[in-house]
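So the sequence shown is numbered by the working numbering: it starts at 2 and just counts up by one.
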Amino acid sequence: MRFHFNFLAPVVALAACVTAAAQTPDYKNVGRTPTAQEIQAMDIAIGTDGKELPPGSGNAKTGGALFAQKCAACHGESQEGSAQAPALVGGKGTLTSLHPKMTAGSYWPFATTIFDYIRRAMPRYQEGSLKVDEVYSLTAFILYRNDIIKEDDVIDAKTLPKIKMPNRDGFVPQNLDEIHDWKKRGCKLGHCP
(Lines of atoms letter the chains of each structure in order from A and count residues from 1; the text may use other names and numbers.)
(Lines give C-alpha, C1' and ligand atoms only; values in the text may rest on other atoms or scores of the structure.)
Protein backbone atom coordinates (compact mmCIF):
# COMPACT_ATOMS: atom_id res chain seq x y z
CA MET A 1 0.00 0.00 0.00
CA ARG A 2 1.22 3.38 -0.95
CA PHE A 3 -0.05 6.60 0.53
CA HIS A 4 0.02 9.79 -1.41
CA PHE A 5 0.14 13.00 0.56
CA ASN A 6 -0.47 16.33 -1.09
CA PHE A 7 2.01 18.72 0.46
CA LEU A 8 0.31 21.74 -1.10
CA ALA A 9 -3.08 21.25 0.60
CA PRO A 10 -2.00 22.59 4.03
CA VAL A 11 -0.22 25.51 2.40
CA VAL A 12 -3.31 26.43 0.35
CA ALA A 13 -5.55 26.18 3.43
CA LEU A 14 -3.16 28.37 5.44
CA ALA A 15 -3.05 30.94 2.65
CA ALA A 16 -6.87 31.03 2.51
CA CYS A 17 -7.07 31.63 6.27
CA VAL A 18 -4.47 34.40 6.16
CA THR A 19 -6.29 36.06 3.24
CA ALA A 20 -9.63 35.88 5.07
CA ALA A 21 -8.08 37.32 8.24
CA ALA A 22 -6.51 40.13 6.27
CA GLN A 23 -9.89 41.05 4.77
CA THR A 24 -11.70 41.09 8.12
CA PRO A 25 -12.41 44.72 9.07
CA ASP A 26 -10.81 46.05 12.22
CA TYR A 27 -13.30 47.99 14.35
CA LYS A 28 -10.92 49.04 17.11
CA ASN A 29 -11.33 52.65 18.22
CA VAL A 30 -14.63 53.02 16.37
CA GLY A 31 -17.45 54.50 18.43
CA ARG A 32 -17.83 54.33 22.20
CA THR A 33 -20.04 52.80 24.83
CA PRO A 34 -23.13 54.97 25.36
CA THR A 35 -23.67 56.61 28.72
CA ALA A 36 -26.55 55.63 30.99
CA GLN A 37 -28.25 58.93 30.14
CA GLU A 38 -27.95 58.26 26.39
CA ILE A 39 -29.44 54.79 26.80
CA GLN A 40 -32.28 56.17 28.91
CA ALA A 41 -33.01 58.87 26.31
CA MET A 42 -33.35 56.22 23.57
CA ASP A 43 -35.29 53.75 25.72
CA ILE A 44 -38.73 55.28 25.16
CA ALA A 45 -40.71 52.24 24.02
CA ILE A 46 -44.14 51.94 25.65
CA GLY A 47 -45.39 48.42 26.23
CA THR A 48 -48.99 47.30 26.11
CA ASP A 49 -49.25 47.34 29.91
CA GLY A 50 -48.19 51.01 29.99
CA LYS A 51 -45.53 50.62 32.69
CA GLU A 52 -43.19 52.89 30.73
CA LEU A 53 -45.72 55.73 30.27
CA PRO A 54 -44.33 59.05 31.49
CA PRO A 55 -46.10 61.38 33.92
CA GLY A 56 -48.53 63.76 32.26
CA SER A 57 -52.12 63.86 31.06
CA GLY A 58 -54.42 65.13 28.36
CA ASN A 59 -57.98 65.18 27.07
CA ALA A 60 -59.73 65.27 23.70
CA LYS A 61 -60.65 68.97 23.92
CA THR A 62 -57.01 70.00 24.15
CA GLY A 63 -56.11 67.33 21.61
CA GLY A 64 -58.60 68.68 19.07
CA ALA A 65 -56.89 72.07 19.01
CA LEU A 66 -53.47 70.43 18.73
CA PHE A 67 -54.68 68.16 15.95
CA ALA A 68 -55.94 71.14 13.92
CA GLN A 69 -52.61 72.87 14.37
CA LYS A 70 -50.13 70.02 13.94
CA CYS A 71 -51.85 67.04 12.28
CA ALA A 72 -54.78 68.06 10.08
CA ALA A 73 -52.59 69.13 7.16
CA CYS A 74 -51.66 65.47 6.57
CA HIS A 75 -54.46 63.44 8.20
CA GLY A 76 -57.32 65.73 7.14
CA GLU A 77 -59.48 67.97 9.31
CA SER A 78 -61.81 65.09 10.15
CA GLN A 79 -59.03 62.49 10.45
CA GLU A 80 -60.24 60.94 7.19
CA GLY A 81 -56.70 60.58 5.84
CA SER A 82 -55.05 61.84 2.68
CA ALA A 83 -52.39 60.90 0.15
CA GLN A 84 -49.74 61.73 2.77
CA ALA A 85 -51.22 60.02 5.83
CA PRO A 86 -53.72 57.29 6.72
CA ALA A 87 -57.19 57.76 8.14
CA LEU A 88 -57.39 57.66 11.92
CA VAL A 89 -61.15 57.24 12.34
CA GLY A 90 -63.80 54.94 10.94
CA GLY A 91 -63.57 51.36 9.85
CA LYS A 92 -65.83 49.87 12.52
CA GLY A 93 -66.96 46.42 11.40
CA THR A 94 -64.86 46.41 8.23
CA LEU A 95 -61.98 44.20 9.37
CA THR A 96 -63.79 41.00 8.44
CA SER A 97 -64.99 42.43 5.13
CA LEU A 98 -63.23 42.18 1.79
CA HIS A 99 -62.31 45.89 2.09
CA PRO A 100 -61.09 46.46 5.64
CA LYS A 101 -60.40 50.01 6.79
CA MET A 102 -57.60 49.75 9.30
CA THR A 103 -57.61 52.82 11.51
CA ALA A 104 -56.39 53.50 15.01
CA GLY A 105 -59.92 52.87 16.26
CA SER A 106 -60.80 49.80 14.24
CA TYR A 107 -57.51 47.91 14.02
CA TRP A 108 -55.02 48.82 16.73
CA PRO A 109 -55.35 46.49 19.73
CA PHE A 110 -53.85 48.72 22.46
CA ALA A 111 -54.32 52.41 23.25
CA THR A 112 -50.74 52.59 24.54
CA THR A 113 -49.55 51.87 20.99
CA ILE A 114 -51.23 55.05 19.76
CA PHE A 115 -49.38 57.06 22.41
CA ASP A 116 -46.10 55.34 21.57
CA TYR A 117 -46.46 55.92 17.83
CA ILE A 118 -47.38 59.60 18.17
CA ARG A 119 -44.53 60.18 20.58
CA ARG A 120 -41.94 58.53 18.31
CA ALA A 121 -43.09 59.41 14.80
CA MET A 122 -45.31 62.48 14.75
CA PRO A 123 -45.53 65.09 13.40
CA ARG A 124 -43.75 64.01 10.28
CA TYR A 125 -40.27 65.56 9.94
CA GLN A 126 -40.59 66.87 13.52
CA GLU A 127 -40.54 63.51 15.31
CA GLY A 128 -40.06 63.75 19.07
CA SER A 129 -40.98 67.44 19.19
CA LEU A 130 -44.28 66.99 21.05
CA LYS A 131 -44.43 67.41 24.81
CA VAL A 132 -45.79 64.50 26.84
CA ASP A 133 -49.06 66.31 27.64
CA GLU A 134 -49.52 67.01 23.93
CA VAL A 135 -49.05 63.33 23.11
CA TYR A 136 -51.62 62.36 25.76
CA SER A 137 -54.05 64.98 24.38
CA LEU A 138 -53.65 63.84 20.76
CA THR A 139 -54.09 60.22 21.83
CA ALA A 140 -57.26 61.20 23.71
CA PHE A 141 -58.56 63.05 20.66
CA ILE A 142 -58.07 60.02 18.40
CA LEU A 143 -59.74 57.77 20.96
CA TYR A 144 -62.63 60.23 21.35
CA ARG A 145 -63.17 60.54 17.58
CA ASN A 146 -63.39 56.74 17.43
CA ASP A 147 -66.07 56.69 20.18
CA ILE A 148 -63.76 54.89 22.61
CA ILE A 149 -63.63 57.57 25.32
CA LYS A 150 -65.64 60.70 26.14
CA GLU A 151 -64.46 64.18 25.22
CA ASP A 152 -63.86 65.19 28.85
CA ASP A 153 -62.08 61.96 29.87
CA VAL A 154 -58.54 62.60 31.05
CA ILE A 155 -55.98 60.03 30.06
CA ASP A 156 -52.68 59.50 31.79
CA ALA A 157 -50.28 56.71 32.73
CA LYS A 158 -52.93 55.02 34.90
CA THR A 159 -56.00 55.35 32.67
CA LEU A 160 -54.55 54.82 29.19
CA PRO A 161 -53.53 51.14 29.65
CA LYS A 162 -57.02 50.36 31.00
CA ILE A 163 -58.76 51.45 27.79
CA LYS A 164 -60.02 48.42 25.92
CA MET A 165 -59.68 48.95 22.20
CA PRO A 166 -62.39 47.50 19.92
CA ASN A 167 -59.91 45.10 18.26
CA ARG A 168 -58.07 44.05 21.44
CA ASP A 169 -59.01 40.40 20.95
CA GLY A 170 -58.91 40.41 17.16
CA PHE A 171 -55.35 39.26 16.56
CA VAL A 172 -55.29 35.75 17.96
CA PRO A 173 -58.02 33.26 18.73
CA GLN A 174 -59.13 32.97 22.33
CA ASN A 175 -57.76 29.42 22.31
CA LEU A 176 -54.19 29.56 21.00
CA ASP A 177 -54.40 25.91 19.94
CA GLU A 178 -56.76 27.04 17.17
CA ILE A 179 -54.24 29.26 15.38
CA HIS A 180 -53.18 26.54 12.95
CA ASP A 181 -56.65 25.04 12.46
CA TRP A 182 -58.24 27.11 9.70
CA LYS A 183 -61.66 25.56 10.26
CA LYS A 184 -61.74 26.53 13.94
CA ARG A 185 -60.57 30.05 13.04
CA GLY A 186 -63.58 30.45 10.76
CA CYS A 187 -61.68 30.70 7.50
CA LYS A 188 -63.89 30.62 4.41
CA LEU A 189 -62.91 30.70 0.76
CA GLY A 190 -59.29 31.53 1.59
CA HIS A 191 -60.16 34.47 3.89
CA CYS A 192 -59.38 34.13 7.58
CA PRO A 193 -60.55 36.45 10.34
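Quick reminder that beta carbons are idealized off the backbone N, C-alpha and C, glycines included.
DSSP-derived helix/strand/coil call for residue i
{"i": "Lys29", "result": "coil"}
{"i": "Ser58", "result": "strand"}
{"i": "Lys102", "result": "coil"}
{"i": "Lys163", "result": "helix"}
{"i": "Ile45", "result": "coil"}
{"i": "Gln127", "result": "coil"}
{"i": "Gln38", "result": "helix"}
Span of the beta strand (DSSP E), counted from its first residue to its last, around residue i
{"i": "Ile156", "result": "Val155 to Asp157"}
Outcome for residue i when other beta-carbon atoms lying within 10 angstroms are tallied against a minimum of 16
{"i": "Ala99", "result": "For the record, residue 99 in the displayed sequence is Leu; it is not Ala. By the 10 Å Cβ count, Leu99 comes out exposed."}
{"i": "Ile119", "result": "buried"}
{"i": "Ile45", "result": "exposed"}
{"i": "Ile143", "result": "buried"}
{"i": "Asn30", "result": "exposed"}
{"i": "Arg169", "result": "exposed"}
{"i": "Ser138", "result": "buried"}
{"i": "Asp49", "result": "In the sequence under discussion, the amino acid at residue 49 is Thr, which differs from the Asp named in the question. Label assigned to Thr49: exposed."}
The alpha helix (DSSP H) enclosing residue i, as first and last residue numbers
{"i": "Gly64", "result": "Ala61 to Lys71"}
{"i": "Asp117", "result": "Ala112 to Ala122"}
{"i": "Ile143", "result": "Val133 to Arg146"}
{"i": "Ala86", "result": "Element bounds for Ala86: n/a, residue is neither H nor E."}
Contacting residues, own chain, Cβ-Cβ under 8 Å from residue i (five flanking each side not counted)
{"i": "Ser130", "result": "Pro124"}
{"i": "Trp109", "result": "Ile115, Met166 and Asn168"}
{"i": "Asp153", "result": "Asn60, Ala61 and Lys62"}
{"i": "Ile149", "result": "Gly106, Ala112, Ile164, Met166 and Pro167"}
{"i": "Thr197", "result": "Residue 197 cannot be examined here, being either before or after the span of the chain that is shown, 2 to 194."}
Neighbourhood of residue i by C-beta, 6 Å cutoff - its chain only, sequence neighbours within 5 removed
{"i": "Asp117", "result": "Ile47"}
{"i": "Gly92", "result": "Lys102, Thr104 and Ser107"}
{"i": "Asp134", "result": "Gly57 and Gly59"}
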